[in-house]
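Structure first, commentary second.
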Amino acid sequence: MPDSRSLGSRPIPQSRQGVTRIQTGQVEQAAGQLGKQVADTALEFKRLDDIEKVSKAMTEFEDQQRQFLVEGDDAVLNRSGDNAKGALQTTEQWWEETGNRYVADLENPDQQRAFQEMLQRQRSSVLNSVAKHETQQRKVSFANTLDARVNTATERAAAMPGDPEINRQSQEEVADALNLLAKTQGWSPEVTEAKTLEVMTAFHGRQIGAMIDNDPEAAAAYFEQNKGQMTAAAREKTQNLLETETLRVRSQASADSLMGLGLNAEQTIREARKIEDAALRDEVVSRVKARLDERATFAKIERAGLMRQVADYIDEFGTVDGVPAEIWSSLSVSERSSFRAYAKKGSDDVETDWNTYYELSQMKANNPSQFLQEDLSKYLGKLGKAEVKQVMAWQRELDEAGSSASKDNWLQTKNSIVSDALTSMGMEYGKSADADSAKKASDFRGSVENHLTLWQQNNPGKAIAPDEFRRMVERLTIEVTLPDSGFMGRDRTMPLFEVESSPDWYFSGDIDDVPEKDRRQIEDVITSRGQVPTEDLIVRYYMTKNDLRSAPSDD
């Protein structure tokens, strides 16, 4: 048996030595490949990190760029006219400063180089857009400046329409401005011609407008001299305007002359009709009639004021003896008689005709100009003292302050409510009513006024609401019973206003006498209180609401 020494000294077979060398080489090669893979992975991580950082920086830059260029009124591409000047320079400066700031914030040269390349690709297109915008807006600004120059020249000439030298200089300035506009805007000859005609039409129209009110003949002469520089439509319009204005001035002068002759109305109109020119004649006659109407209206207003003065004097002193002689002598015989009777009897003794009072209030509300001219002295025998003072206060108020819409609306509403109530009772009123109907209507209106006066005394300084006034009026129309007042001592039914002063009246109606509107409201109230709205309960609520008395008991 071989010993250990002989085993240890045996040589390794050749084939086993080759395998060992191959395995060692493979390990070394694998280790090298692994190292390369690790290095490549690190490079890939760096590349991805660079891309992410550059992309993020570019996104933030583009957000700021968008805000700078288009977001907000002050953004570069939103600036207009003169405000757009310097937009390109401002953008270049912003681009340089903002881009450098983002480059400085990046981590390595590769990121910086990539970011700068991306910026450079955008820079030229963005700056080109800004440059185009600024160029266009500079043209707009320049055009606005030249337009202002044209307007200034036009207004300067219009301020002194009779000065031909100023007009010539202004036209030259307008022409210079138009030439500059044509060059800077790139107008074709056809466009230049059309624009020039448009501007000169406005120029000459402004001059004619400045002259026509004071000197239509000079305006007509100017038009004839310059109409070749105006459009056909403007020429026709101006021609019509000149004819109309010339007629106005001539007719006004003729009317002034006729009104100054001291003739009466009929004579003045007769003289106006003698004018041969038909158009002028019609205009003069129209003006003369209008002037005569104005004169008559003014005279009536003055007369009405004079009548108020006399009535006020009588109310204060109770006599006509102290009325100034010049006023008293200007009154007619019938007017003097009315005032004497008024002073002798006194308005306290006059029973107001409420129909007359309501007619006057209706006139004041619906036709204040007519009411202002109304001679109130002829109503002195029909109105009591309080009503005389009221209607004269209305007229004085109109004379001093003019019509008040709120007060007139209230009078219209008030009169309408009262008229509706009269109609609901079947009463005739107005000028077509017979004597009995007119008397009943007057009594009803008087009752309404008494209740309104009482309400105002209980509510000083307040104005009654229309709905509350309507309820007040409608209550007076409710049919009630007055016992033993009819033929052979029978009971009679009549509206409450006729018997309200009697202590014996009572309401004897049933559910059918409760108006539908009131019935629905009362049912809602009863139901809301958890009760059943029986007919008897509804009637009792209705009576309570309107302060109506119950029929006396049989005991």
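Under our numbering, the residues of the sequence shown are numbered 8 to 562, in order. We put the beta carbon where it would ideally sit given N, CA and C, even for glycine.
N- and C-terminal bounds of the beta strand (DSSP E) containing residue i
i: R499; result: 499–502
Beta-bridge partners of residue i, as assigned by DSSP
i: V487; result: M501
i: Y513; result: T488
First through last residue of the alpha helix (DSSP H) which encompasses residue i
i: N158; result: 116–166
i: Y109; result: 94–112
i: S4; result: Any property of residue 4 remains undetermined from this structure, which presents the chain solely from 8 to 562.
i: T208; result: 196–219
i: D183; result: 171–192
i: M370; result: 361–373
i: P540; result: Careful: P540 lies outside any alpha helix (DSSP H) and carries neither H nor E.
i: Y229; result: 223–233
i: L461; result: 442–465
i: E507; result: Counting along the chain, E507 falls outside any alpha helix (DSSP H), and DSSP gives it neither H nor E.
i: D284; result: Unbroken run through D284: none, as it is neither H nor E.
i: V532; result: 523–535
i: I276; result: 272–279
i: I471; result: No alpha helix (DSSP H) contains I471, which DSSP labels as neither H nor E.
i: E333; result: 332–335
Straight-line gap, residue i to residue j (C-alpha atoms, nearest Å)
i: A160; j: A226; result: 19 Å
i: E381; j: M314; result: 10 Å
i: V487; j: E542; result: 19 Å
i: E301; j: P522; result: 51 Å
i: Q236; j: P196; result: 16 Å
i: Q72; j: D56; result: 24 Å
i: M218; j: L187; result: 30 Å
i: Q232; j: E250; result: 16 Å
i: L204; j: Q178; result: 12 Å
i: R343; j: D360; result: 22 Å
i: R255; j: A164; result: 25 Å
i: V110; j: E141; result: 28 Å
i: A558; j: F514; result: 6 Å
i: V327; j: N362; result: 28 Å
i: A184; j: Q176; result: 12 Å
i: T152; j: Q144; result: 12 Å
i: S258; j: A285; result: 11 Å
i: N85; j: S136; result: 12 Å
i: D112; j: E69; result: 16 Å
i: K389; j: G453; result: 13 Å
i: R108; j: T208; result: 58 Å
i: L461; j: I471; result: 11 Å
i: D517; j: R526; result: 12 Å
i: V295; j: M266; result: 7 Å
i: A166; j: E252; result: 20 Å
i: F451; j: G437; result: 13 Å
i: N271; j: L299; result: 9 Å
i: R128; j: F75; result: 19 Å
i: E394; j: G312; result: 17 Å
i: W335; j: G433; result: 46 Å
i: Y386; j: D322; result: 15 Å
i: Q123; j: Q96; result: 20 Å
i: V330; j: G269; result: 30 Å
i: N115; j: W102; result: 21 Å
i: A94; j: V83; result: 6 Å
i: D222; j: N247; result: 16 Å
Supposed close pair residue i, residue j - CB separation, criterion 8 Å
i: K146; j: T191; result: 6 Å
i: F210; j: V181; result: 6 Å
i: L134; j: T98; result: 6 Å
i: E435; j: S444; result: 4 Å
i: L367; j: V398; result: 5 Å
i: V206; j: V157; result: 6 Å
The stretch 399–407 in contact with the stretch 375–390 per 3-pair CB rule at 8 Å: yes
At least 3 beta-carbon pairs within less than 8 Å: the stretch 289–296 vs the stretch 250–268: yes
Inter-stretch contact at 8 Å, needing at least 3 Cβ pairs: the stretch 418–435 / the stretch 470–490: yes
Inter-stretch contact (C-beta, 8 Å, three-pair minimum) for the stretch 496–508 and the stretch 519–534: no
Meets three-Cβ-pair contact criterion under 8 Å: the stretch 330–346 and the stretch 266–283: no
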